[in-house]
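Below: one structure, written as structure tokens.
2 protein chains.
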Amino acid sequence: MKKLILAIACLINLTTGDYWTDREKLIQLDRASNIGSTLNLTEKETIADAFILNLKKQELQVGFNDPKKFPSALHFFKSRPIIETSPIFNIITRLPKGSSLHSHDLALTSQEYLYNQTFRENLYACLTDDTLLLHFFNPNNISTSCEWTLLKDLRENRLDFEEFLKSKMSIVRDDPVKAYPTINEVWKGFQQTFRTVVGLITYKPVFEGFFYQALRELRDDNVKYAEIRGYLPHVYDLDGRLYDEEEVVGIYENVTRRFKEDFTDFVGAKFIYAPNRRVTNNTMEAEVQIYKKIRSAYADFVVGFDLVGQEDKGWPLGDYIPQLLEIRSAGGHFYFHAGETNWFGFASDEDLFDAVLLNATRLGHAYALLKHPALAEAVKSRGIAVEVCPISNQVLKLVDDLRNHPAAVMIADGYPVVVAPDDPGFWGARGLSYDWYVAFMGMTSKGTGLRFLKQLALNSITYSSLNATEMAGALKQWKVDWDDFVDGLVRNEYFGYNEVLKVV
Amino acid sequence: MKKLILAIACLINLTTGDYWTDREKLIQLDRASNIGSTLNLTEKETIADAFILNLKKQELQVGFNDPKKFPSALHFFKSRPIIETSPIFNIITRLPKGSSLHSHDLALTSQEYLYNQTFRENLYACLTDDTLLLHFFNPNNISTSCEWTLLKDLRENRLDFEEFLKSKMSIVRDDPVKAYPTINEVWKGFQQTFRTVVGLITYKPVFEGFFYQALRELRDDNVKYAEIRGYLPHVYDLDGRLYDEEEVVGIYENVTRRFKEDFTDFVGAKFIYAPNRRVTNNTMEAEVQIYKKIRSAYADFVVGFDLVGQEDKGWPLGDYIPQLLEIRSAGGHFYFHAGETNWFGFASDEDLFDAVLLNATRLGHAYALLKHPALAEAVKSRGIAVEVCPISNQVLKLVDDLRNHPAAVMIADGYPVVVAPDDPGFWGARGLSYDWYVAFMGMTSKGTGLRFLKQLALNSITYSSLNATEMAGALKQWKVDWDDFVDGLVRNEYFGYNEVLKVV
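The listed protein sequences derive, respectively, from chains A and B.
When you line the first sequence up against this note's numbering, it's residues 1 to 504, in that order.
When you line the second sequence up against this note's numbering, it's residues 1 to 504, in that order.
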């Protein structure tokens, strides 16, 4: 409404003014709605902004001249090495990004870390239906569920085994177009990867170390808080003991506490229970009970509920309204995946309606949101944050060139957007910086600089589930980090080479 | 504003109602802004709508099950044969689509027709810099500008010549990704094609026949009016006579009149002068003079001005404000290409500001419009029509999967959209139906049927440059055709096979 009034006011003015004055006025009006546009910058921030804009323009120009060198338009499997040489990426890795609000339990760490866990003792492998299963066993008590072979033996006997193993632990391929002709093939590969790593990760010693490492990688990437979605698979011991959902939440909480003790600047982590959407009415009842149990045991840590998995394939939110209402009554909030689809008018698209009607606090992806103008307006005016995961949407084949991602419009129009990594470990990413980079370079205007990045960081805290006290603490920590970052940037501490120094 | 008030009203209501009633209310509210949603359908139209929706759902389901079979998500060079077997496409070809408001002089006819013109006498060819040039000469007076060889001789002496010739007359390739890795390569091929066909088309007998054929192909596709952009290359005779811009406009007007005499249901055609944007201040002055001359000579036929060519490469509107203001003072309207780009914040993107400030009547492509919220709101509220050319944007590499085309959002949000073919002959299309098909199947919801198609046809007339009397005539003719079409559809005249009949 404000936008329309401003637009009309501006257009009325235009009939009297000088062309170039009017043009500048209209451009300013247009930018006024961008995420971050209302932020005032300090003197130092203004210098940092100019520095970043200068670098951004140079990188854009390289891409403009040769689009094969423009990462945001390329598939991430191809763009990653280019991104890693970018001065803007360097800056973004150092920038205090606040928090990570959308990522999944089994894909939280870098692929390198997880691969290194396969050198642990007592790890067995079994190849079935094209999927490689992994599991730790006590050598005296190996399950007969599959033809389990010691991984160490496979390693020694098969020449290309490491390549093979790595390919099973991630969906990265040399030629993504050939490997995944359509969305169905890539989702199949994605789900197979989950099945491969689950037995490796849910071994208790790995599980604890894995989650600790996940937090460490976030902190290394200057992210100080996370909300993790997990489906709580049973964790196991070598002696066969299984840890149930409540105990697994306990492990998460414990590791978080330990990590915070080790790194006192880290704000923490919270948990969103997110079982697979492939449920029935019966299993959904069981999910309700699990949620109630873990919520009542860990009310501060378990902040809400979601359903996950390939949305297009069915099990829409609308099928489980009574159960979801019951979940809501147990406390916490909804953080639903909704509209992660290009199939306009299908059930996955209509999930957006249910997510909003069920009063979701944030939406996962909401890729199709803008195709629903009234709904989009409601999401915006009610401040329901949209968790945008650019690389995920590209890798899982919703969009190729990220300049066509609908979040570009959301960012320009001031939607409550946060940018998150989804499943970074599965596609060779790590932390938030890769997603922030492609969003910054591909989804914002050439003239958009530090204000956007700062607001994105602030959004990631203010749209989190932290309570008022925690949020104040998080913002305080972020402010310290931010000022340090700006100081460092202004003092040129992040670049050791003249090439960059001379652009300031 | 209305949208926001409705959204708020709806959300207030939601707190009191039954879940499923509220959900339905919200969905209805969301659809209310879609193009065509306010149209009331007659009883027959309602039957036709149900018939179309049934077929649409079937085709969508085929694509959903196997995305390799979903044309709107595939490159047009691959999807064309699939489209041609579609019952929905069959219906769209028969549907009275009103008018064609965005297409260019040298690409107006099907490739087949133009290729057939190469069998005329006295056509010579010359290969230079990878571009094949064509020109007719009197055998006694061949230009020495190039090493011209009689095409007939080349035909006889080179085995793969027909393949070669066809490849030079269009940008269609077996593997478009390999042939055109980036936007730069495809624009190069596109411009080479222009250079190849220009000497063939501007030969007076071909020129007249070509434009007549263009109108015939539109009429065959149930399009009864066109606004053609042309840059008025000199037309030539075999005896060396050159026809200047004013004479060339005269030829267009003459052919249009002749065509209307031959087909009395055809409403007509008008002309938008659209020289290449690669101008200098001096040549732009010359364009001003040409425009003034042709506008004063053919005020009813020449309706306005545009600048064309790869927008990203420069020559933005902002460089020629004084000249453009002078053009405006000569009468007619602006129909600027603007924002045909993915480079957010670059000069091509900012063309959108100038186009609106210069009071353009319609915008060509405006692909980047939604990234400028205030501008977009102004375009919408002022009824500046957006000429959407989906296949062009795909083939010229702005977007791969047309479900990601921003027009999907514009259509949902009730922008003044028309759908047009741009350069159909260059990529193997013909008429408007291919573009309408991919828009209908890829950019609208599963539940969107006849209302959208009807409104799109009406838009193409109401957003044309026809004066009030002409427009009334065009609408009257369209109504006759529309009623015939609906009658035929309801009587099932368009399908000879049971497969389709049984779905009603």
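Where a beta carbon is used, it is the ideal one built from N, C-alpha and C, also for glycine.
Treat the numbers as computed from the prediction; the structure is a model and nothing was measured.
Judged by DSSP secondary structure, B/Ser99 falls within the beta strand (DSSP E) whose first and last residues are Gly98 to His104. DSSP lists A/Tyr335 and A/Ala385 as the beta-bridge partner residues of A/Arg362.
Look at B/Tyr463 here: in three-state DSSP terms it is coil, with no helix or strand label.
Taking the Cβ atoms as the reference, B/Ile384 lies roughly 6 Å from B/Ala360, within the contact range of under 8 Å.
Within 7 Å of the CB of A/Ser445, the CB atoms of chain B belong to Phe344 and Gly345, in sequence order along the chain. By the CB criterion at 8 Å, A/Ala107 and A/Asp423 fall inside the cutoff.
Rounded to the nearest angstrom, the Cβ distance from A/Phe271 to A/Tyr252 is 6 Å, consistent with a contact under 8 Å. A check of alpha carbon separations from A/Val409 across A/Phe426, A/Asp435, A/Tyr437 and A/Ala376 identifies A/Ala376 as the nearest.
If you check the CB distance, B/Gly332 and B/Val308 do not come in under 8 Å.
At a cut-off of 8 Å between beta carbons, B/Lys68 contacts chain A. For a Cβ distance threshold of 8 Å, residue set Leu14, Tyr19, Asp22, Arg23 and Leu26 of chain B lies close to A/Leu357, ordered along the chain. Restricting attention to A/Ser145, A/Pro416, A/Val395 and A/Ile411, the CA atom closest to the CA of A/Ser381 is found in A/Pro416. With its beta carbon at least 8 Å from every one in chain A, B/Leu53 lies outside the interface.
Val177, Pro181, Thr182, Ile183 and Asn184: these are the residues of the segment 167–190 of chain B whose beta carbon lies less than 8 Å from some beta carbon of chain A, given in chain order.
C-alpha of A/Glu285 to C-alpha of A/Arg241: approximately 25 Å in a straight line. Taking a contact to require three or more Cβ pairs closer than 8 Å, the segment 43–62 of chain B and the segment 458–468 of chain B do not qualify as touching.
In summary, the residues of the segment 31–65 of chain A whose CB is separated from some CB of chain B by less than 8 Å are Ala32, Ser33, Leu60 and Phe64, in the order they occur in the chain. In this structure the segment 195–203 of chain B touches the segment 123–135 of chain B; the number of beta carbon pairs closer than 8 Å is three or more.
Listed in chain order, the non-local C-beta contacts of A/Leu218 below 7 Å within the same chain comprise Ser100, Ala226 and Gly431, local neighbours out to five positions each way being set aside. Under the DSSP assignment, A/Thr93 falls in the alpha helix (DSSP H) whose first and last residues are Pro87 to Arg94. Here the segment 428–447 of chain A lies against the segment 72–85 of chain A, with 3 or more beta-carbon pairs under 8 Å apart. If you check each beta-carbon in the segment 388–416 of chain B against every beta-carbon of chain A, the ones closer than 7 Å belong to Val399, Asp400, Asp401, Arg403, Asn404, Ala408, Val409, Ala412 and Asp413. In this structure, A/Phe164 is the residue among A/Asn141, A/Phe164 and A/Tyr113 with its C-alpha nearest to the C-alpha of A/Leu127. Note on geometry: alpha-carbon atoms of A/Gln111 and A/Gly425 lie some 5 Å from one another.
For A/Thr448, there is no enclosing alpha helix (DSSP H), as DSSP gives it neither H nor E. Within the segment 304–330 of chain A, Ile321 place their CB atoms closer than 7 Å to a CB of chain B, listed in sequence order. With a minimum length of 4 residues, the unbroken runs of alpha helix (DSSP H) contained wholly in the segment 290–360 of chain A fall at 321–329 and 347–357. By the Cβ neighbour-count rule, A/Asp174 is exposed, with fewer than 16 other Cβ atoms within 10 Å of its own. Assigned with DSSP and collapsed to three states, A/Asp175 falls in coil, not helix or strand. Distance from A/Asp306 to A/Thr341 at the Cβ level is roughly 16 Å; contact not present, criterion being Cβ atoms closer than 8 Å. Against chain B, a Cβ distance below 8 Å from A/Lys78 picks out nothing, because the smallest value is about 12 Å. By the criterion of a C-beta distance shorter than 8 Å, A/Ile88 is surrounded in its chain by Ile52, Leu55, Lys56, Glu59, Tyr437, Phe440 and Met441, once the five residues flanking it on both sides are discounted.
Between B/Phe137 and B/Ser145, the CB-CB gap reaches or exceeds 8 Å. DSSP places A/Asp239 outside both helix and strand once states are collapsed to three, so it counts as coil. Around the beta carbon of B/Val186, 16 or more other beta carbons sit within 10 angstroms, so the residue counts as buried.
Put simply, of A/Ala299, A/Ser79, A/Arg155 and A/Thr46 the residue whose alpha carbon is nearest the alpha carbon of A/Tyr115 is A/Arg155.
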